[in-house]
Each structure stands twice: as C-alpha cells, then as structure tokens.
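Colleague:
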Amino acid sequence: MLAVLAMNNRHAVAPERLAARIWGEDLPSDGRRSVQVYVTRLRALLGTGAIDTEPDGYRLVAEHVDALRFTEMLDDASAMPEPGKERVAIGEALALWRGSPFEGLHAPWLEHVEGPRLVGRYLAAMERRIDLDLAAGLDSAVVDDLRQLIARHPLGERPWAQLMTALYRCGQRAEALAVYQRLYRLFADELGIAPSAAIRELHQRILVGKQMPAPTPTDSVPVPRQLPAPVGPLAGRSKSLGQLNSMVSEVDRAARTAVVTGGAGVGKTTLAVHWAHEVAPQFPDGQLYVDLRGFAPAGQAVPPENVVRGFLEALGIVPAYVPTGLSAQVGLFRSLLAGKRILILLDNAVDAEQVRPLLPGAPGSAAVVTSREEMPELVAEGAESVTLDVLSAAESSELLAMRLGGDLIAAEPEVAVRVATICAGLPLALAIVTARAKGPRHSTLTALADELGQFHTSLDALASPDAATDIRVVFSWSYGRLSTAAKQLFRLLSMLPDTGVKGAASLCGVPLAEARHSLAELRRAHLLEEHLPGRYSYHELLRAYAGELSREHDSAEDRQRARRRILDYHLSSAGHAAMLVEPLRDSIALAAPGPGVSTERFACRKDALAWFDVERSALLSAVELACDSGFDRHVWQLAWSLETYLQWQGRWQERVATLRTALAATRRIGDQAEQARVHRCLGLAYSKLEDYPRAHTHLRDALSLYVRTHDRLGQVHAHETLSTVLERQGDHRAALEHVQRALQLYPPNGSTSVLGRLLNSAGWCLAQLGELEEALASCERAVALAMEANDQNSQAATWDSLGFVRHQMREYGLALAAFQQALAIRRAIGHLEGAANTLARIGETLHDAGQHAAARASWNEALDILDDIGPTGAQALRQRLARERGPTRP
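Anchor point for the sequence shown: position 496 equals 482 in the working numbering, and the numbering is continuous, going up by one each time.
#1: Give, in chain order, every unbroken run of the alpha helix (DSSP H) that is at least 4 residues long and sits entirely within the region 242 to 329.
#2: Taking only the alpha-carbon atoms, compute the straight-line gap between Lys674 and Leu374 and give it to the nearest angstrom.
#3: Which residues in the same chain as Glu516 place their Cβ atom closer than 6 angstroms to its Cβ, once the five residues preceding and following it in sequence are excluded?
#4: Give the range of the beta strand (DSSP E) segment to which Leu518 is assigned.
#5: So what does Ser357 bridge to, in DSSP terms?
#6: How should Val47 be labelled, buried or exposed, when 16 other C-beta atoms within 10 angstroms of its C-beta is the threshold for buried?
#7: Note the first and the last residue of the continuous beta strand (DSSP E) segment covering Val372.
#8: Given 8 angstroms as the limit, is there contact between the region 747 to 756 and the region 725 to 735, that is, 3 or more CB pairs closer than that?
#9: Rounded to whole angstroms, what's the CA-CA distance from Asp271 to Asp131? Just pull it up for me.
#10: Quick one: what does DSSP say Ser224 is sitting in, helix, strand or coil?
#11: Along the chain, where does the alpha helix (DSSP H) containing Ser383 start, and where does it finish?
#12: Quick one, are the C-beta atoms of Pro216 and His260 less than 8 angstroms apart?
#13: Across which residues does DSSP place Asp38 in a beta bridge pair?
#14: Using the Cα positions of Val25 and Leu(-12), report the straight-line distance between them to the nearest angstrom.
#15: Return helix, strand or coil for Asp436, following the three-state DSSP convention.
#16: Given a threshold of 16 other Cβ atoms within 10 Å of its Cβ, counted over all protein chains shown, does Arg641 qualify as buried or as exposed?
#17: For the alpha helix (DSSP H) holding Ser764, just list the boundary residues, first then last.
#18: Rounded to whole angstroms, what is the Cα-Cα separation between Phe319 and Trp83?
#19: Since Pro349 contacts Ala240 with CB under 8 angstroms, what's their CB separation in whole angstroms?
#20: As a quick exercise: from Arg115, Pro413, Asp42, Arg619, pick the residue whose alpha carbon is nearest that of Glu78.
#21: So for Thr585, helix, strand or coil by DSSP?
#22: Starting from Ser351, follow the alpha helix (DSSP H) in both directions and report where the run begins and ends.
#23: Within the same chain, show all residues whose beta-carbon is closer than 8 angstroms to that of Arg827, passing over the 5 residues directly before and after it, in chain order.
#24: What residue from Pro181, Val23, Glu11 has the CA that sits closest to Gln1's CA?
#25: Let me check understanding here. Comparing Cα to Cα, which of Phe281, Glu89, Arg550, Arg653 lies closest to Ala578?
#26: Going by Cα to Cα distance, which pick from Glu176, Ala162, Gln861, Ala262 is closest to Arg191?
#27: By DSSP's criteria, Val(-1) is part of a beta bridge. Which residues make up the other side?
#28: What is the residue span of the alpha helix (DSSP H) that Ser558 lies within?
#29: I need the DSSP call for Tyr879, collapsed to helix, strand or coil.
#30: What residues match up with Arg27 in a beta bridge as DSSP calls it?
#31: What residue range does the alpha helix (DSSP H) around Gly580 cover?
#32: How many Å lie between Asp117 and Gln148 at the Cα?
#33: Tell me whether Arg571 sits in a helix, a strand or coil according to DSSP, three-state version.
#34: Secondary structure at Pro203, three-state DSSP: helix, strand or coil?
#35: Here's the rule: buried if 16 or more other CB atoms are within 10 angstroms of the residue's CB, otherwise exposed. What is Ile418?
#36: Nearest-angstrom Cα distance between Leu863 and Trp845?
In structure tokens form, the structure reads like this:
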C-alpha cells in the first residue's frame, strides 16, 4: 500500500482504487475495510500525519519519492537545448535507479503497470545518454554499460547498434561484427525477423571498413508529435471535456478509449484536437494522429493496415521491416506502446472495425475516436461515450463572441441570437458565418444578419465553394451512407418537428419493426436525435436539408400520400385520446385512417394526457400541415381533438391559432355546423386572453349560425359561453340572463351533464350578485346532476362554485371542504388551469379565516402552475401576493 500511495504522491486515491491496485482480481471480501486497516497500520509506523484523508481518498504526505523524482528529472532533461547539459541531467536521474522497481512487492498494479512503465523510461534514458556519450567521443566508456544493458534487455535493437558503433570506433572491428552475428541469431530465434535496415547498413559499413561518423544527439527516433493545429475556439463543451479528463485520469490502470460522436458539423474534431493539446504533456512519449476519412468528400475510408504502418514508422520501425499481415502489425504496434504514455487521436472514423486494431492495449496510453456513427461495440468493451449536440443559444453567442470579439456581440445581443438561430447552433455553420463576418462588407453584426436573411434558406446562406465547409456537402457524406429505407424516412421526416415510432411508420407506410430499424440507423448516424425516449427530431439545418432532398427525390404524389398517412395517424390517435380525457363531450365522426397507418390506443385518461404532452408540438404542426396540404377535414377535426387538452392546460394562444385555422377550413368546405362550433370556441378563447371585442364578435356569429340552422342545443351552448364571457367582464346580471336563456332553450330530453353545467353557471352568477341562498340551491342541484352523469369536470367546477358560495356566507370550514373536493378532482383529471384557480380561491378563504401563512402557501402553489402554463391570471395572483407583503417570486 505504501508503494501504491507513493506512486500517487500528489493525488488522493479512493479506497476502492487502492484495493484494486493492491489486490487486483483477488480482492478481499471487504476491500474498503481492508484498506482502512492498512492505513491505520501505516500511520502507526510513519506517524499520524504521514497519510492525509481527503474527500477523494487517501494521500501520502512525502517530500520526495525517488521513482517520481526520476521521471521528473528525465522530463526536465529532455527539455534542455544543450546536449552537454542534457547528458549530465540524464546521468543524475539514472543515478537514482537501483535494481528492479518494486522488487519483492506483489501488487498487480505495481507489477504490470507502474513497473513496466518505469523500466521503459529507464531504457529510453539509457539509450539517450549513450547516444550523447558517443557524440561526445566517450566510446570506450559506454561499452561495459551497453553489455550490461543488453544482458538485461536483449530484445532492444538500439543498444546493439550502439555497442557495434562503440566497439568499431575503439578499434575492435571483429568484436563489433561478432555482436551483429549474435543479434542476427537472437532475432531469428526469438522473433522470427531480421535486424532492421539501419542495423544491416551499419554492419555493411563495418565490413568494408568505412569511417564511422560520430553519432549526433538527434540520431534517435524523434518523439511523434502529430496533432494538427487547433481548429478554432471551443464553447459550451465543459461536460464533454470533463468526460475526457476523467477517462485519461485512469490510463495508469488500463489503456482507455473515448468515442466522441455527433452529427456533421457539430465540432467533434474541434473538441478532440483542443483537448488533446491540453493533455499532451501527460503523454511525453508522443501523440499520434490520423484522419481516417470515414466521411470524406471523395475516396474510401483509410484501411487500418495503412494507418498502423504509418504509426509503426512514426515510432521508429523501418518500413522494410514492418510485418505484412494486419495481426502482426497490430501486435508490433501494441508492443511498442507497452510501457509508454502515448495519446492516439483517430479522427473521422467510419465504424468500430476500422479503429479497433488501432487502439492501445497496455496501461499508460489512451485513444480518442471521433465519428458521426455511434459505436456501441466499443462502448460495450469499456470505451467512454462522449456525445455532442448542437449548441444552445447562449453557447452559440459565446462562440460568436470568441470568434468576432465580445464588444461586437455585446453591442447587438439580439442580432447575435438571430445569427445563432440561422445557424441552428451548429458550430460549423457558426464558423462559416463568422469567417464571412470578417469581410469588409460587415462592419456590424446587423449587416451580416441582413445579408444572411436575404437568402432563400439557411442552407443557401451557409453555402461555400470549399466542399469541406459547405453545409449541404458535409450533410451529404452522412446521408449517402444510409440504406434506402432510412434515406426515405430522413427525407419525409422534414414534414414534422418530431415524431415517435408509430408516427414514423405511418409517414412511410411501413411496419413498426422497419420504422424502428430506420430510426436506429438515423440515430446512429447522428442524423436524428432521440431527445426524449422514443421521440426523434433533427436540428433546423438538417430539417431544411431533408426537405430539399424530399422535394428532389420524392414525387408530389408520394409526398401527398405521406402527408395523408401522418395526418391520419395524428387524427386517429388524438381523437381517441380526446374522448378519454373528456368522455362526455360531443363526439364526431373522425376521418378513417388509410392503409399503412399505425395508431395509438390508450388505457386511461392519464396515458392520453401524457401522450398529448409529448405530441403537442407535432399536433399543432399537423394542423398547419393539413391546412397547407388541402386536408380541410383533418384541420377542424384535429382542432376538435386538441380542444379540451389545450383548455385544461391554459394554452389559449395555441387554442386561438388552431381554431382560426379550423375556421378557415370549415368555410372552405361549407360546414355551417362546424363553423358555428369553432366561432363559439374562439369566443371563449379570446375572452381568456381578455380580447373581449373579438370574443363577442365570434359568439354573435356562432349564435346566428345556430339560429339559422335551427340547432337548439347549439344555441344553448352559445348562451352558456356568452354567460361565461360576460361574467369574466364583471357583468354578472347580463351573464345570468344568458344562462337563464340557455336553460329555457334546454330540451326536456337533454343531457344531464349539460343541465348540471348550466345550473352551476346560474349558481355562480347568483353568488356574484349576492343572492347566496339561491346560488347554494342551484349549485347543490348541479353537483348532484354532475355526479349522476359521472361528469368529473362538471363536478369539480361545481364544488369550486360551492366553495365560493360558502366563503361568501363566511362558512370557511365548509368552503375549504368544497374547494378541496374540486382540487382533488381537477388534479386527478389533469385540469391544470382549473386546479390553479381553485388553489387561488382556497388562498382567499384561508386569508379571510385568519390563516395568512397558509393562504400565501396556497397562492404560491397556484402561481407555480400558472407560471408553467402562462395565462394572464399569473400576474394578477402575483399582485395579490404582493399586497399581502408576503414572500413572492420575481
């Protein structure tokens, strides 16, 4: 344990890691406890201050650890520009070496990781010092050192060459030739290969008696430093950098690999190269880099055998002696990595098979792979998965500031957001735009944004003569690798903001299994993101690209059939969900889904509401898609399906937008009954937005149509809605008159549920006018009818009214009981706006009952809901809280 702690002298080591490094696979039953016992014993021997306990584990407090000092001195020596000083510094470091590292200790990490690493540093230092000695003319002085070094490590080729050189220059030509013969036999017997061309050339020089030039200190193979220059500033990647740093912190235990994946232009290479430069000092034995061209404008991906040959040459292997087979090449490559700390950056990989032969096998080295393809095989084998997405608006602005200067962005922050939106948060797009911004025509960010806005699409704005930076071309490299089915799905998905599996299957008219396969293929290629479990979308630039491809490759008839299928999916599923959310609403005859359409079916109201939550944006887009595609029946029926959900969520702006589209559709098809219903719903929606002139205009139109078509029940609903609007305006007498007119028109054989709702409205208006006894009677009758009809929504509304009436009667206990009934039902059925309103009234009752703290708590709970759904009531409630001088949120 002391040795393990010493080799981590500057860092704390977690008990679990200590146990693994000491016992390996033979862990005791309670490794943590065993570590604690050993630490206690060491403290007893060394003193209590010798080992610190820190949040991350245990740390040895020691001024000098010879093994660490040895490597530090070698690092310092390698940085010295003068050979003489370097030679002395290496000698001082080698003087610390005594025998074999950790001799007599049996800890797997020390034996198999740290020991080999230190021996590797020692051998490299000896070879370098001897090169410097030979360059200084100290030929005879190094002979004995070389013989001892070869005896201990006979398979290292460099000491043999140095010994031959030293003997020959000392006049011992025959001995030098004999050394070569021993080397030749050794390599043939042990490795099955001949010595390298460099050694054979040296042998020939000695044979013919050529003068041996003094070696220079640079004769040794240079440390490979192949990283490309950083490709630009980095913004918004702190989490990903943290993952890579965490990965590299574990390379002493085992070779590690990270797979950085993401879509085209998302900045994978930028991140990997930026990080590699940051950690390069931790890999003093070199950094290897290759562009594997997995996604390139032309040509094939680079075969792994070509890459490994290049790596072997960079590590000093003469090309003529690189083995011919891939397996032999990989074996030699990994042997050369053993005992060294080398970072390997494999950029733009096509798949796991291309990179697997290039990964390190021994502790000390690490590899980073970048690819547009996910590589689950490597992750399953222990690789760290680092996934990049597009940047947020704030991160995009940060990157713009890095590239253009903070002053320019600070002067026009709104314009910066506009530019970031055009670029969809894609780092490549932002780089293209900022390069253009540095031109003479763009003295301000506004000038740049205006120029970008003149293009027909964002893709046109980001076009470039350079294929490597043209957005369409870069996207095409990923698209071109897809299967035919995945290509079709990618193109057609441009019609939607996002979708699930059944939506995707319906769009293409294929079985669910085929849709799942294509979605998985697109996700692996990072052409789609699974932003929620089972929900898929792409950023706006990819959506624009997919739309262009669809218009180019899919016929008008195929596109229209796809639109019909996806609209059938949404309508059939939403219609079923709508009747589960509000079972007593008037049903309609939905358009039947066509062939190839998958539909959703739900077990209960909760599942239906959850589906609406997920599909809301897609359903709103479907209304517009139906309108643009000429499917007018789908337009108004989708609006009908969304009605209750949007109302209960308090999404009145969205409700108005869908209803306006539906109204135009019903006019085009001449359906007066549906026109009247849409007018009536628009009247209610506009009143919720406090646009009362428009509300009354639509309600008058609705009532007129109902009268013209002799729809008596429709007139009842119109008067009921007029009563609601007038009540919101504070005209309670007029509101009561309209609900009374609705009761007069109500047919004797009408719905119990509707009658209960009208009686509740009447009771509410009477309560507002101070006629409390009549209000109480009307509401009590209403709640009985609602319970008889099992109309939960009406029950909740009526219990809420009863709570208000009891409050006005100063019967606070009964009022709170009624409100709690209303609140429980509204929460159960998912009526968020109704629940917030009831909580607000509970607050008023508690306040008047003298329970001010409880009142503020209830108001704050209501405000939490209203802030989420955003109706106008939030501001009024915030003002109410402020008047009480209680704690409010800004």
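All residues carry an ideal CB built from backbone N, CA and C; glycine is no exception.
Modeller: Answer, in terms of the structure:
#1: 254 to 265, 290 to 300, 312 to 323
#2: Your numbering for residue 674 matches position 688 in the sequence shown. Your numbering for residue 374 matches position 388 in the sequence shown. Their backbone Cα atoms lie some 42 angstroms apart in a straight line.
#3: Along the sequence shown, one-based indexing puts residue 516 at 530. Arg509, Tyr522.
#4: Here residue 518 refers to the residue found at position 532 of the sequence shown. 515 to 518 is the span of the beta strand (DSSP E), which, as asked, contains Leu518.
#5: Your numbering for residue 357 matches position 371 in the sequence shown. Note: Ser357 sits in a beta bridge opposite Thr247, Ala335.
#6: The residue labelled residue 47 in the question sits at position 61 within the sequence shown. The residue in question, Val47, is exposed, as its Cβ has fewer than 16 Cβ neighbours within 10 Å.
#7: As a first step, residue 372 must be located in the sequence shown, where it is residue number 386. Its beta strand (DSSP E) spans residues 370 to 373.
#8: yes
#9: Working through the sequence shown from its first residue, we reach residue 271 at position 285. Working through the sequence shown from its first residue, we reach residue 131 at position 145. C-alpha separation (whole angstroms): 24 angstroms.
#10: Locating residue 224 in the sequence shown gives position 238, counting from the first residue. Note: Ser224 maps to helix in three-state DSSP.
#11: Numbered from 1 along the sequence shown, position 397 holds the residue referred to as residue 383. Looking at the DSSP string, the run of the alpha helix (DSSP H) that includes Ser383 is 379 to 390.
#12: To locate residue 216, count along the sequence shown from 1; it is residue 230. To locate residue 260, count along the sequence shown from 1; it is residue 274. Yes, Cβ-Cβ distance for Pro216 and His260 is below 8 angstroms.
#13: Indexing the sequence shown from 1 puts residue 38 at position 52. Paired residue(s): Arg45.
#14: Counted from its first residue, the sequence shown places residue 25 at position 39. Counted from its first residue, the sequence shown places residue -12 at position 2. Looking at the two C-alpha atoms, the distance is approximately 9 angstroms.
#15: Residue 436 sits at position 450 when you count from the first residue of the sequence shown. Note: Asp436 maps to helix in three-state DSSP.
#16: Taking the first residue of the sequence shown as position 1, residue 641 is located at position 655. So Arg641 ends up on the buried side.
#17: Here residue 764 refers to the residue found at position 778 of the sequence shown. Per DSSP, Ser764 belongs to the alpha helix (DSSP H) from 758 to 774.
#18: For the purposes of this step, residue 319 is taken as residue 333 along the sequence shown, with counting starting at 1. For the purposes of this step, residue 83 is taken as residue 97 along the sequence shown, with counting starting at 1. For Phe319 and Trp83, the distance between alpha carbons rounds to 28 angstroms.
#19: As a position in the sequence shown, residue 349 is number 363, starting the count at 1. As a position in the sequence shown, residue 240 is number 254, starting the count at 1. At roughly 5 angstroms, the Cβ-Cβ gap stays under 8 angstroms, so Pro349 and Ala240 are in contact.
#20: Residue numbering aside, residue 78 sits at position 92 when the sequence shown is read from its first letter. Ranking the options by Cα distance to Glu78, first place goes to Arg115.
#21: Translated into positions along the sequence shown, residue 585 becomes position 599. Coil.
#22: The residue you call residue 351 lines up with position 365 of the sequence shown. Element bounds for Ser351: n/a, residue is neither H nor E.
#23: In the sequence shown, residue 827 corresponds to position 841, counting from 1. For Arg827, where only same-chain residues beyond five positions count, the Cβ hits under 8 angstroms are Asp786, Gly789, Phe790, His793, Phe805.
#24: What you label residue 1 is simply residue 15 of the sequence shown in a count that begins at 1. It should be noted that the sequence gives Pro, not Gln, for residue 1. That would be Val23, whose Cα lies nearest to the Cα of Pro1.
#25: Here residue 578 refers to the residue found at position 592 of the sequence shown. Out of Phe281, Glu89, Arg550, Arg653, Arg550 has the C-alpha closest to the C-alpha of Ala578.
#26: Within the sequence shown, numbered from 1, the residue matching residue 191 stands at position 205. Arg191 has its Cα closest to that of Ala162, out of Glu176, Ala162, Gln861, Ala262.
#27: Along the sequence shown, read from residue 1 onward, the residue named residue -1 stands at position 13. In DSSP, Val(-1) forms a bridge with Tyr44.
#28: Reading the sequence shown from its first residue, position 572 is the one you call residue 558. Ser558 -> alpha helix (DSSP H) spans 542 to 567.
#29: Residue 879 is absent from the model: the chain starts at -13 and stops at 876.
#30: Within the sequence shown, the letter at position 41 stands for residue 27. DSSP lists no partner for Arg27.
#31: Looking up residue 580 in the sequence shown gives position 594. Note, Gly580: premise wrong, no alpha helix (DSSP H); not H, not E.
#32: Start at 1 with the first residue of the sequence shown, and residue 117 comes out as number 131. Start at 1 with the first residue of the sequence shown, and residue 148 comes out as number 162. Between Asp117 and Gln148, the C-alpha separation is close to 8 angstroms.
#33: Residue mapping note: residue 571 aligns to position 585 of the sequence shown, counting from 1. Three-state DSSP puts Arg571 in coil, outside helix and strand.
#34: Reading the sequence shown from its first residue, position 217 is the one you call residue 203. Because Pro203 carries a pLDDT of 45, less than 50, the predicted location of this residue cannot be relied on, and no value is offered for it.
#35: The residue labelled residue 418 in the question sits at position 432 within the sequence shown. So Ile418 ends up on the buried side.
#36: On the sequence shown, position 877 is the one that residue 863 refers to. On the sequence shown, position 859 is the one that residue 845 refers to. Roughly 7 angstroms between the two C-alpha positions.
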